[in-house]
Amino acid sequence: MNDNHYNHKGSRNGNGINNQLHVSNNNTSPSATELEEDPPLVKNQPRNLEDYFFPTHRFQKTLQDPKKEPLVIVACGSFSPITYLHLRIFEMAKDYIIEDSKFEIMGGYFSPVSDHYKKEGLAPAYHRVRMCEMAVERTSTWLMIDAWESLQKEYTPTAVVLDHFHEMINIQGGGVKTSDGKTRNVKIMLLAGGDLIESFRIPNLWSNEDLHHILGDFGCLIVERTGADVWGFLLSHDILYEHRKNVYVIKQLIYNDISSTKVRLFVKRGMSIKYLLPNSVIKYIQQHQLYLGNTETIESVIDSDNEVVAQISKKIEVLNL
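Spelled out as structure tokens, the structure:
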């Protein structure tokens, strides 16, 4: 399957795949930025469901330690655009899993929502998928982008998305092999920020049936975010508490408060977004003129971060003087 995913037309000057590595006559090493901005070596996810394929080019098919449970981590979201925080939470989860030593990570996936999510500031799905691909293909060795959710004709609940990953990996894919040749099913786990978990309390947003399915049958890795009392909420929420042994709270050792909402606002105001997201994604936003007509206002962001928005407003006032 993997052989079909490789794209041998990605060289900058068309002279072959070796040029992807920037091998030159003076043996100079490429910078991380150069590699990040290179065309990926893998086939991009399609823009229509008929051509969809499940990405497995970084999926580890053999369990190295038979004493551990194979695990795939999935993050669902709008990713409009993907930021360094989205990438970092996967690395935080990876560190947590390695320290916990109960699981062995077989791969990680971003699953962008479809255009039917109807969220303010949502760029078209194919742009968001492409930005995610650009963010991970040159910067990660274990993360992949799955476009299935983004290609659906209607909004897809998170529980159904996790069912899709179970179907593709364990049913159609046959799980993973152990060192002795046996087959094991892979545990699928949702990766989420503390803000998403707190949305569990919003009436009619999540059905109890879905929450039991997500937390009980799959499990959840929750990364604390600034100002979110995850432990307090876990104690107060009946369903979360019922499945608490399948919920893992990851503490941020270095707090990162980048948000896609603020990035969109920066773009709208003509402010720099450098070092908030990968250079390749910044260039893509500029090339396709994304978020310039964003209708979100400063007031719409105030509830999420009063201090940062006030600083933006002050800077805009100074620029307009």
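Using our numbering, you'd call the opening residue of the sequence shown number 59 and step up by one each time. Beta carbons are placed, not taken as given, at the ideal position from N, Cα and C, and that holds for glycine.
Range covered by the alpha helix (DSSP H) that runs through residue i
| i | result |
| --- | --- |
| Leu220 | Thr216 to His224 |
| Tyr142 | Tyr142 to Asp158 |
| Val187 | Ala183 to Glu195 |
| Ser294 | Val288 to Ser294 |
| Tyr349 | Unbroken run through Tyr349: none, as it is neither H nor E. |
| Lys341 | Asn337 to Gln345 |
| Leu279 | Here Leu279 belongs to no alpha helix (DSSP H); instead the beta strand (DSSP E) covers Cys278 to Val281. |
| Asn266 | Asn266 to His270 |
Selected residue, minimal CA-CA separation from residue i, among the options
| i | options | result |
| --- | --- | --- |
| Glu149 | Thr114, Ser198, Ala193 and Lys160 | Ser198 |
| Gly274 | Asp287, Lys303 and Gly251 | Lys303 |
| Lys101 | His174, Ile155 and Asp204 | Asp204 |
| Ile272 | Ile297, Phe291 and Gly252 | Ile297 |
| Leu254 | Leu335, Asn262 and Ile280 | Ile280 |
| Glu127 | Lys326, Thr236 and Leu323 | Thr236 |
| Cys278 | Met247, Ile227, Leu334 and Gly135 | Met247 |
| Ser169 | Tyr213, Ile156, Gly179 and Asp153 | Tyr213 |
| Tyr306 | Lys152, His144 and Thr120 | Lys152 |
| Asn154 | Asp173, Cys134, Ile308 and Val218 | Here residue 154 is Tyr; the residue named in the question, Asn, does not match the sequence. Residue Ile308 is the option with its Cα nearest to Tyr154. |
| Gly135 | Val339, Asn228 and Val187 | Val187 |
| Glu195 | Ser257, Tyr167 and Leu220 | Tyr167 |
| Pro124 | Lys240, Pro261, Ile227 and Ile316 | Lys240 |
| Phe137 | Phe161, Glu157 and Ala183 | Ala183 |
| Leu263 | Ile227, Asp221, Glu282 and Thr216 | Thr216 |
| Phe117 | Gln103, Asp238 and Ile227 | Ile227 |
| Arg146 | Gln347, Met329, Lys119 and Ser317 | Ser317 |
| Glu191 | His115, Ile229, Ser257 and Ser159 | His115 |
| Leu220 | Asp268, Phe258, Pro261 and Glu178 | Asp268 |
Boundaries of the beta strand (DSSP E) in which residue i is found, first to last residue
| i | result |
| --- | --- |
| Ala250 | Lys245 to Gly251 |
| Leu201 | Leu201 to Ile203 |
| Glu207 | From DSSP, Glu207 is part of no beta strand (DSSP E); its letter is neither H nor E. |
| Glu162 | Phe161 to Pro170 |
| Tyr306 | Val305 to Ile308 |
Assigned secondary structure, residue i (DSSP; H/G/I helix, E/B strand, else coil)
| i | result |
| --- | --- |
| Lys119 | coil |
| Thr319 | helix |
| Ala133 | strand |
| Arg242 | strand |
| Gly232 | coil |
| Asn85 | The predicted model places Asn85 with a pLDDT of 37, which falls under 50 and marks its position as unreliable, so this point remains unresolved. |
| Lys326 | helix |
| Glu212 | coil |
| Glu300 | helix |
| Arg105 | coil |
Contact belief for residue i with residue j at Cβ below 8 Å, rounded distance in angstroms
| i | j | result |
| --- | --- | --- |
| Gly252 | Val288 | 4 Å |
| Trp200 | Gly165 | 6 Å |
| Ile131 | Leu249 | 5 Å |
| Tyr349 | Arg322 | 5 Å |
| Leu209 | Tyr299 | The Cβ separation is near 35 Å, so there is no contact. |
| Ile140 | Val339 | 6 Å |
| Tyr142 | Leu335 | 6 Å |
Cβ-heavy atom distance, residue i to the ligand GTP, below 7 Å
| i | result |
| --- | --- |
| Leu145 | With respect to the ligand GTP, the structure shown offers nothing to examine, as it has no ligands at all. |
Residues bridged to residue i [DSSP beta-bridge criterion]
| i | result |
| --- | --- |
| Pro383 | Summary: the structure shown does not reach residue 383, with the chain confined to residues 59 through 379, and so no result is reported for it. |
| Lys332 | Leu335 |
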